[in-house]
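Encoded as structure tokens, the structure appears first; notes follow it.
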Amino acid sequence: MNIETILTESIVAALKELYGQEVAPEKIQLQKTRKEFEGDFTLVVFPFLQLSRKKPEETAQEIGAHLAAAQPVISSFNVVKGFLNLAIAPQYWIDLLEEIDNANEWGLTPITESSPLVMVEYSSPNTNKPLHLGHIRNNLLGYALSNILAANGNRVVKTNIVNDRGIHICKSMLAWQKWGNGETPASSGKKGDHLIGDYYVAFDKHYKAELSELMAGGMTKEEAEAASPLMAEAREMLVKWEAGDKEVRALWETMNGWVYEGFDETYRKLGVGFDKIYYESDTYLVGKETVLEGLEKGVFYRRPDESVWADLSGDGLDEKLLLRSDGTSVYMTQDIGTAQLRFRDYPIDKMVYVVGNEQNYHFQVLSLLLDKLGFSWGKGLVHFSYGMVELPEGKMKSREGTVVDADDLMEEMINTARETAEELGSKLDGLTAEEAADVNRIIGLGALKYFMLKVDARKNMLFNPKESIDFNGNTGPFIQYTYARTRSIERKAAEAGVIVEGAASPDAISEKECSLIRMLNEYPNVVRQAGNDYSPSGIANYAYELAKGYNQFYHDFSILREEDATKKAFRILLTRNVGKVIKSAMNLLGIEVPERM
């Protein structure tokens, strides 16, 4: 039983004995004691004044005295106005450390067959270009969130919806037909997604040149766009695709295959994955069917031009187009179709969409539409809305080829990790060149991932590669270095024959040691809160605070050189469990930690 539960039950019992009334456990407000006061936990007593009919200080003193007499884990208490500060006996923290050490998955909730099933959608790439910096933030947030939800006892299905159809796909296909000369990933030596992305940029370049020529001949921009032969060809290709033209479909399948191989390589390097992948080319027709069924049931209505709409004015929103007058679908229709397929495949209890904040309104509408169509989880769907990520140079544009490519960025981060380690004189004695390269990979990607995840996801962020790789401060490498330090101490202790298991407990421990165990004690609550708030940054910042606290302890106290054998064994045990929890927290974020740095 954790300390908060022990204290809550003791307070409920004290209130009944002192004032003769039952108080629900959820009414007990326990907080961490602020640093300027003495104690570990603080009870807010104002809600109980109507029971005691006494002043706040008097009530707090009365409750404190009762608790100190009845509960051995409380060593002392003090009162500051209407706040009761409780100090926990050091022996409790010593016993708790052993409990943490014996726990295989400290802080994580086991998953059972009856656990809720949560589906998390993230990534959502287009097959006309490679993954870029924005996709990296999306993938890292989605993957970390999936891990955190699973750590809170949910069955999680990680899913991706690939945007593999539409005019933007046809632009790349047409450009390859016109200017590709049969080029393939094998003949060019390029990853498939990069190759197709080059043709998307090539289309835009030729299209702009064509518009300039038409405008030079006296057309307005709008007239030139309407008259563009290149865009007309792209639209004609889309019509052929929709009609199932064999030649167009064969080219589409070939080029998409190149892209998927490229995507898979990027996902593997980034360390993310999916349990199920859906494709818009499969879902958009299902969406049309579902909308037409909703039309028959009176959920939607048809306008005179044959377009189909949803009237959401009664829900405080506007009217939403679902099928155009020519019967073609819009993005909302596709999302409805994807939801329909997913609901057929899985008994979903909750659906989480990891999509940028520019789509906030879209998901408000989708939630209402799914609810009206009878999806039980529709109204409760979660749009995990996150801010955009930019570089110091500003925003990125796919059409102009100014995006920061995901593969290039990861490679740059790994190279920067290697260069930084060399500058700092980092020693990887005993490691082969291959093992050292893997450590640099772990550090470089850890820097990238942590920098992305430590920021509140709702905020826009500026990604600075050099700042992220710093081995000091609130960075991935700093936390990774702390973990490597704990492992180094464990190895040296084992080599020296120090016995930790079964070692006697010390008679007393320092405040710094108590503080570290208190932080380990907080981990289950941090994981639970991160799950409730959909907040990977909560885990990231906890890992940093724990690493920072351990480093302060490491500099202030002897561990391996401690002469008292009991204290030495205890500090090694503490070190081991700090390392264990750091590794667990970083694993939730999808970040590896090296055994040595």
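Throughout the sequence shown, residue numbering follows my numbering, covering 11 to 607 in sequence. C-beta: ideal position from N, C-alpha, C; glycine also.
Alpha helix (DSSP H) segment containing residue i, residue limits
| i | result |
| --- | --- |
| Glu131 | Segment Leu127 to Glu131 is the beta strand (DSSP E) holding Glu131; no alpha helix (DSSP H) there. |
| Gln181 | Looking at the sequence itself, residue 181 is Lys, so the reference to Gln does not match. That run of the alpha helix (DSSP H) goes Ile177 to Trp189. |
| Leu2 | Any question about residue 2 goes unanswered here, given that the chain covers just 11 to 607. |
| Phe273 | Lys256 to Leu280 |
| Ala79 | Pro66 to Ala80 |
| Ile453 | Ala443 to Leu463 |
| Ile206 | Gly202 to Ala226 |
| Leu599 | Premise fails: Leu599 is in no alpha helix (DSSP H) and is neither H nor E. |
| Asp517 | From DSSP, Asp517 is part of no alpha helix (DSSP H); its letter is neither H nor E. |
Buried versus exposed, by CB contacts within 10 Å (16 or more), residue i
| i | result |
| --- | --- |
| Arg451 | buried |
| His145 | buried |
| Val330 | First, the amino acid is wrong: residue 330 is Lys here, not Val. Answer is buried; the Cβ neighbour count reaches 16. |
| Lys469 | exposed |
| Gly254 | exposed |
| Trp189 | exposed |
| Glu505 | exposed |
| Glu410 | Annotation note: pLDDT 47 at Glu410 (below 50); position unreliable, coordinate value reported separately. Result: exposed. |
| Ser594 | buried |
| Ala575 | exposed |
| Tyr533 | buried |
| Lys307 | exposed |
| Asn266 | buried |
| Pro66 | buried |
| Ser198 | exposed |
| Ile21 | buried |
| Asn542 | exposed |
| Ser545 | buried |
Neighbourhood of residue i by C-beta, 7 Å cutoff - its chain only, sequence neighbours within 5 removed
| i | result |
| --- | --- |
| Val296 | Gly347, Gln350 and Leu351 |
| Thr492 | Ala557, Tyr560, Asn561 and Ile592 |
| Lys502 | Leu570 |
| Val301 | Phe310, Val318, Leu332, Leu333, Thr343 and Ile346 |
| Glu602 | Ile452 and Gly456 |
| Thr43 | Gly49, Asp50, Phe51, Thr52 and Asn95 |
| Tyr356 | Leu127, Met129 and Val167 |
| Asp174 | Thr137, Asn266, Tyr289, Glu290 and Ser291 |
Beta-carbon proximity check, residue i vs residue j, cutoff 8 Å
| i | j | result |
| --- | --- | --- |
| Glu252 | Val172 | no |
| Leu118 | Ala161 | yes |
| Phe394 | Leu240 | no |
| Gly486 | Phe461 | yes |
| Ile16 | Val83 | yes |
| Ile519 | Pro100 | yes |
| His142 | Ala416 | yes |
| Pro55 | Asp359 | Checking the displayed sequence, the identity of residue 55 turns out to be Val instead of Pro. In this structure, Asp359 does not lie closer than 8 Å to Val55 by Cβ. |
| Ser547 | Asp466 | yes |
| Glu72 | Leu28 | yes |
| Tyr132 | Asn149 | yes |
| Leu530 | Asn587 | yes |
| Ser85 | Ile98 | yes |
| Phe93 | Ala75 | no |
| Pro475 | Met423 | yes |
| Leu472 | Glu368 | no |
| Thr169 | Phe284 | yes |
| Leu322 | Leu383 | no |
| Lys464 | Ala550 | yes |
| Gly600 | Val282 | yes |
| Met420 | Leu584 | no |
| Pro604 | Gln490 | yes |
| Gly202 | Gly152 | no |
Contacting residues, own chain, Cβ-Cβ under 8 Å from residue i (five flanking each side not counted)
| i | result |
| --- | --- |
| Gln31 | Leu25 and Leu61 |
| Ile177 | Ala244, Arg245 and Leu248 |
Strand pairing of residue i, partner residues [DSSP]
| i | result |
| --- | --- |
| Thr119 | Asn162 |
| Thr169 | Glu131 and Lys286 |
| Met361 | Met129 |
| Met471 | Val399 |
| Tyr311 | Trp319 |
| Gly366 | Tyr396 |
| Leu333 | Val318 and Ser339 |
| Val89 | Leu94 |
| Asn136 | Asn173 |
| Ile84 | Ile98 |
| His142 | Asp415 |
Extent of the continuous beta strand (DSSP E) run through residue i
| i | result |
| --- | --- |
| Lys42 | Leu40 to Lys42 |
heavy atom of the ligand GDP below 7 Å from residue i C-beta
| i | result |
| --- | --- |
| Gly117 | Here there are no bound small molecules, and the ligand GDP is not part of this structure. |
Neighbourhood of residue i by C-beta distance below 6 Å, restricted to the same chain and skipping five residues each side
| i | result |
| --- | --- |
| Lys405 | Confidence in Lys405 is poor, its pLDDT being 47 and thus under 50, which makes the residue's placement too unreliable to answer from. |
| Arg428 | Asn450 |
| Asn370 | Ser395 |
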